[in-house]
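Residue numbers (the numbering used here): 258 to 451.
Dropping the structure here:
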């Protein structure tokens, strides 16, 4: 396996992915780097279904091993919102400061013990022979009261990790990759790829 295409256009995500998969003996390319353009409708009902939809579509197009993830934030008090709609929450091009502010506002007056949340990441690996494997990683925490930290992206600045006493945006990239939902899922898929 010389080449793996990761079905994403998110540069921040690619940085994390390359870091974690660096010990695999394969070049990891984003869709853009692989010259793949595709509009994929993610109409699954779970993170896993959406990851499989993306991975199999790009695998069929390229004939290469393709990894795809679907990840998001589940807030228990909000019936697991934004969930699979995390990226599209409040509209596709809405800035995350706006999304984060909205979620903090919706949890106004809600005590710590009811602010539980998790990041979920499902990764699907689609192989040219038609087989597909999926794994899931999670990171438990709770929603903070304000944005803090510069090291993450998306919902990281409001995702508080009680055992670290900080948000996931306040962790170094190295620390985050060890404990994050994506880090755990990538480690698990790495075992499947070996």
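From the three backbone atoms N, C-alpha and C, an ideal C-beta is built for every residue, glycine too.
In the three-state reduction of the DSSP assignment, residue 341 falls in the helix class.
Taking 7 Å as the cut-off, the beta carbon of residue 434 is found no closer than this to the beta carbon of residue 315.
In the three-state reduction of the DSSP assignment, residue 324 falls in the strand class. According to the DSSP assignment, residue 309 belongs to the alpha helix (DSSP H) that extends over 304–319. With contacts defined by Cβ atoms closer than 7 Å, residue 356 and residue 346 form a contacting pair. Annotated three-state conformation of residue 355 is helix, per DSSP. Taking 7 Å as the cut-off, the Cβ atoms of residue 392 and residue 344 do not count as close.
When C-beta atoms of the stretch 375–383 are compared with those of the stretch 312–328, three or more pairs fall below 8 Å, so the two segments count as touching.
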